[in-house]
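This note's numbering puts the first residue of the sequence shown at 128, with every later residue one more than the last. To start, the structure under review is shown below, and the notes come after it.
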Amino acid sequence: MEEYDELSAGPNKEGVLDLSHNAWAELPDQLFNFASRILTLDLSHNKLVEVEADFGKLFVLSHLNLEGNMITQIHPNLGKCVRLKTINLSQNRIGEIPPDIGNCTLLEEFRCTDNFITTLPPTFGNIVALRILDLKNNKLSFLPPEIAKIPTITEIHCEGNDDLSMVPDDMRVDSDMVIWALRLHRDHQAKVEVKVAHYEELEEKARESEETRLRLKDDMSTILEEVKTLEESRPTTYINFKAKTRRLAKKIRCTVS
128 MEEYDELSAG PNKEGVLDLS HNAWAELPDQ LFNFASRILT LDLSHNKLVE
178 VEADFGKLFV LSHLNLEGNM ITQIHPNLGK CVRLKTINLS QNRIGEIPPD
228 IGNCTLLEEF RCTDNFITTL PPTFGNIVAL RILDLKNNKL SFLPPEIAKI
278 PTITEIHCEG NDDLSMVPDD MRVDSDMVIW ALRLHRDHQA KVEVKVAHYE
328 ELEEKARESE ETRLRLKDDM STILEEVKTL EESRPTTYIN FKAKTRRLAK
378 KIRCTVS
């Protein structure tokens with residue numbers, strides 16, 4: 128049975144509770160008795176395997192550090208910590224982020240490097256205060272374009288994600304280029320959504336009026352062809368071309384110099 132002597136005094140007067148480097152595999156129930164006082168919670172470098180449901184009780188929590196544990200699961204209740212400003216989940220074994228994190232709209236920094244994440248939920252686009260998104264060294268194959276609409280976003284780090292084809296490898300070190308690429312994908316997605324919505328509207332009308340069914344069916348076929356054309360012209364080709372021209376320009380500058 129682990130000893131929890133560090134908990135006896137609770138957080139200091141600044142609301143900081145440092146419980147790092149204790150080799151804890153689970154948390155004691157008494158931790159959550161301080162829920163109304165903990166502003167900063169450091170649980171880094173322990174042996175925790177999950178972010179449990181009781182984290183949702185930490186309603187005034189602003190900063191959470193869980194770096195360097197053995198976490199595989201994050202309970203959706205973490206999304207109840209709506210005052211969170213920073214989350215560090217780096218160096219764990221996380222494969223999925225719950226969409227409920229999108230409720231943490233005050234979040235400014237989200238760090239989750241060196242895990243096994245393949246994508247993020249589109250609800251990350253709701254985190255309107257997010258400035259830094261650090262996802263280096265994961266298994267990302269997709270980033271939701273919704274992230275590009277966040278007005279405060281300035282840094283997206285996604286190096287070390289070999290399957291992230293929507294952002295070419297040599298662009299991943301440049302946050303501005305990553306954001307630019309995501310905006311292209313977002314704009315493309317919006318065009319597809321407009322076409323799909325129009326198609327569904329026509330489909331409904333076709334059900335209502337047999338008299339105009341054939342004409343509407345032709346219109347629907349045209350829209351489907353337009354959607355197909357859009358899908359075949361995803362921004363990836365242009366983005367890769369942009370990356371190629373950047374590399375060529377760099378070579379030319381080196382030659383001239």
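Even for Gly, the Cβ is constructed at its ideal location relative to N, Cα and C.
query                                                                                                                                                                                          : result
How many Å lie between lysine 184 and aspartate 227 at the Cα?                                                                                                                                 : 15 Å
How many angstroms separate the CA atom of serine 147 from the CA atom of proline 271?                                                                                                         : 33 Å
Please work out which residues of its chain come closer than 8 Å, Cβ to Cβ, to aspartate 346, disregarding the five sequence neighbours upstream and downstream, and give them in chain order. : Leu329
Near histidine 202, what residues of its chain come up, given a Cβ to Cβ distance below 6 Å and the 5 sequence neighbours on each side ignored?                                                : Val178, Glu179, Ala180
Go to arginine 113, then tell me how far its alpha helix (DSSP H) extends in each direction, as first and last residue.                                                                        : Residue numbering for the chain in the displayed model covers 128 to 384; residue 113 lies beyond these limits and cannot be assessed.
Evaluate contact between the segment 302-311 and the segment 319-334, counting only Cβ atoms and requiring at least three cross-stretch pairs below 8 Å.                                       : no
If I measure Cβ to Cβ from isoleucine 198 and keep anything under 8 Å in the same chain, skipping five residues before and after, which residues do I get?                                     : Leu175, Val176, Glu177, Val178, Leu216, Asn219, Arg220, Ile221
Have a look at methionine 128 and leucine 170 and give me their C-alpha separation to the nearest angstrom.                                                                                    : Its pLDDT being 38, under 50, methionine 128 is placed unreliably in this model, and the value from its coordinates should be taken loosely. So the two alpha carbons sit approximately 18 Å from each other.
May I ask which residues mark the beginning and end of the alpha helix (DSSP H) holding glutamate 282?                                                                                         : Per DSSP, glutamate 282 belongs to no alpha helix (DSSP H); it is in the beta strand (DSSP E), 282-284.
Which stretch, first to last residue, makes up the beta strand (DSSP E) that contains histidine 190?                                                                                           : 190-192
Pick helix, strand or coil for arginine 164, following the three-state DSSP scheme.                                                                                                            : coil
Mind checking if asparagine 149 is an interface residue toward chain D, Cβ cutoff 7 Å exclusive?                                                                                               : No chain D is present in this structure, which holds just one protein chain.
Assign phenylalanine 182 to one of three DSSP states: helix, strand, or coil.                                                                                                                  : helix
In the DSSP assignment, what residue or residues form a beta bridge with glutamate 177?                                                                                                        : Gln200
Express the C-alpha separation of glutamate 223 and glycine 195 in angstroms, rounding to a whole number.                                                                                      : 17 Å
Quick check: what's the CA-CA separation for leucine 262 versus asparagine 204?                                                                                                                : 22 Å
Are there 16 or more other CB atoms within 10 angstroms of the CB of proline 278, so buried, or fewer, so exposed?                                                                             : exposed
Quick check: the Cα distance between glutamate 359 and cysteine 285, rounded to an integer number of angstroms?                                                                                : 25 Å
Note down, in chain order, each residue of its chain lying with its Cβ closer than 6 Å to the Cβ of glycine 287, except the 5 sequence neighbours on either side.                              : Lys263, Asn264
Return helix, strand or coil for glycine 137, following the three-state DSSP convention.                                                                                                       : coil
So glycine 252 packs on glutamate 273, CB below 8 Å; how close in whole Å?                                                                                                                     : 3 Å
In whole angstroms, what separates the C-alpha of phenylalanine 159 from that of tyrosine 326?                                                                                                 : 51 Å
Less than 6 Å between C-beta atoms, sequence neighbours within five positions excluded: which residues of the same chain meet that for methionine 298?                                         : Met304, Ala370
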